[in-house]
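Structure, as structure tokens:
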Amino acid sequence: EADEVIALISALSHPSDEHPAAAERVAAVLDIYQEQPGVLDPSLEAMVLPLLSSVRLISRGELARANLAPACRVMYALCKVRGYKTILKFVPHEVHELEPLVALLNTVPPSEHDAWQIAYSLMVWLSMVVMVPFDLSIIDSTLANAPIADAAHEKGDEATGTLVRTIEALARGYLGTTGPARD
Numbered sequence: 002e003a004d005e006v007i008a009l010i011s012a013l014s015h016p017s018d019e020h021p022a023a024a025e026r027v028a029a030v031l032d033i034y035q036e037q038p039g040v041l042d043p044s045l046e047a048m049v050l051p052l053l054s055s056v057r058l059i060s061r062g063e064l065a066r067a068n069l070a071p072a073c074r075v076m077y078a079l080c081k082v083r084g085y086k087t088i089l090k091f092v093p094h095e096v097h098e099l100e101p102l103v104a105l106l107n108t109v110p111p112s113e114h115d116a117w118q119i120a121y122s123l124m125v126w127l128s129m130v131v132m133v134p135f136d137l138s139i140i141d142s143t144l145a146n147a148p149i150a151d152a153a154h155e156k157g158d159e160a161t162g163t164l165v166r167t168i169e170a171l172a173r174g175y176l177g178t179t180g181p182a183r184d
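The sequence shown begins at 2 in our numbering and counts up by one.
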């Protein structure tokens with residue numbers, strides 16, 4: 002089963018109409034391991050890294066947005082079975098991931114059917130990236146337009162704030178929801 006699951010997960014980074022069915026198959030296989038989740042440990046890295054690679058490609062526009070929900074469905078299933086803290090060990094925490102990740106999370110419409118799984122998965126990754134000690138002024142591309150952003154913020158226009166304001170607004174927004182994305 003491990004080879005099948007890894008093959009299905011790897012296929013998520015290639016364009017296909019079969020992704021929702023593949024994601025459901027992977028989730029069904031992972032659910033079998035809820036009683037003994039530690040059995041998955043030797044294969045976790047081989048499962049998590051291709052999923053996050055798919056999300057990276059989507060955030061850069063190199064892979065269709067339709068691939069996001071299936072990838073995040075599998076990511077949520079992994080977190081549900083093995084626990085998000087265990088999955089975080091395999092999540093990349095490079096600083097350059099922050100802006101694309103926040104931008105992608107900011108585009109998730111709450112009305113989308115699988116929005117909560119997408120939000121949960123992206124927030125798990127974001128929780129790791131924001132913990133890395135770095136100066137936001139180095140990576141925040143909105144600070145190049147700081148006077149414009151500050152003026153917009155003073156007028157109450159939260160849509161054109163800095164990266165920190167965007168992250169804060171996203172976090173506050175998900176605190177008001179019910180379900181796993183709130184965690």
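Every residue gets a Cβ at the ideal spot worked out from N, C-alpha and C, and that includes glycine.
Limits of the alpha helix (DSSP H) - the one that residue i falls within
{"i": "N107", "result": "L99 to N107"}
{"i": "V165", "result": "L164 to L176"}
{"i": "H20", "result": "H20 to D32"}
{"i": "L64", "result": "Where L64 is concerned, there is no enclosing alpha helix (DSSP H), given that its DSSP letter is neither H nor E."}
{"i": "S55", "result": "L45 to S60"}
{"i": "V6", "result": "A3 to A12"}
{"i": "P71", "result": "L69 to R83"}
{"i": "L127", "result": "A116 to V130"}
{"i": "L138", "result": "The sequence given here places Ser at residue 138; Leu does not occur at that position. First-last of the alpha helix (DSSP H) with S138: L137 to I140."}
Beta-carbon contacts of residue i that lie in its chain and below 7 Å, excluding the five residues immediately before and after
{"i": "R6", "result": "A quick correction: the sequence has Val, not Arg, at residue 6. Counting only Cβ-Cβ distances below 7 Å, and skipping sequence neighbours, we find V27, V30 and M48."}
{"i": "N107", "result": "T167 and L171"}
{"i": "E100", "result": "I140, S142 and L164"}
{"i": "A160", "result": "Note that A160 scores a pLDDT of 45, beneath 50, so its modelled location is shaky; the value from the coordinates is reported in the next line. For A160, where only same-chain residues beyond five positions count, there are no Cβ hits under 7 Å."}
{"i": "H20", "result": "L13, N68 and P71"}
{"i": "L50", "result": "F91"}
{"i": "M129", "result": "L89, V92 and H94"}
{"i": "D4", "result": "none"}
{"i": "E46", "result": "F91"}
Contact with chain B by residue i, beta-carbon distance below 7 Å
{"i": "D115", "result": "Of the protein chains in the structure, only one exists, and it is not chain B."}
Between the CA atoms of residue j and residue i - distance to the nearest angstrom
{"i": "L105", "j": "A24", "result": "20 Å"}
{"i": "L164", "j": "V75", "result": "28 Å"}
{"i": "I10", "j": "Y77", "result": "13 Å"}
{"i": "E113", "j": "R66", "result": "12 Å"}
{"i": "I33", "j": "S138", "result": "45 Å"}
{"i": "E155", "j": "R173", "result": "Per-residue confidence for E155 stands at a pLDDT of 49, beneath the threshold of 50, marking its modelled position as unreliable; the derived number appears in the next sentence. Using only the alpha carbons, I get a separation of about 19 Å."}
{"i": "V133", "j": "K86", "result": "16 Å"}
{"i": "G1", "j": "E98", "result": "No answer is possible for residue 1: it lies beyond the span of the chain, which begins at 2 and ends at 184."}
{"i": "L60", "j": "Q37", "result": "Checking the sequence, you will find Ser at residue 60 rather than Leu. Looking at the two C-alpha atoms, the distance is approximately 34 Å."}
{"i": "L64", "j": "S17", "result": "10 Å"}
{"i": "E2", "j": "L41", "result": "11 Å"}
{"i": "P111", "j": "P43", "result": "35 Å"}
{"i": "A8", "j": "V96", "result": "29 Å"}
{"i": "G62", "j": "V125", "result": "21 Å"}
{"i": "H15", "j": "G84", "result": "27 Å"}
Close Cβ partners of residue i (< 8 Å) along its chain, the five nearest in sequence each way excluded
{"i": "V103", "result": "L127, L164, T167, I168 and L171"}
{"i": "W117", "result": "T178, G180, P181 and A182"}
{"i": "D115", "result": "A70, C73 and R74"}
Cβ shell of residue i (< 6 Å), same chain only, five flanking positions each side left out
{"i": "Q35", "result": "V82"}
{"i": "Y121", "result": "Y77, P181 and A182"}
{"i": "V109", "result": "A116, I119 and A120"}
{"i": "L123", "result": "L106"}
Exercise for review: Report yes or no: do the stretch 83-90 and the stretch 50-60 share at least 3 C-beta pairs separated by less than 8 Å?
Suggested key: no
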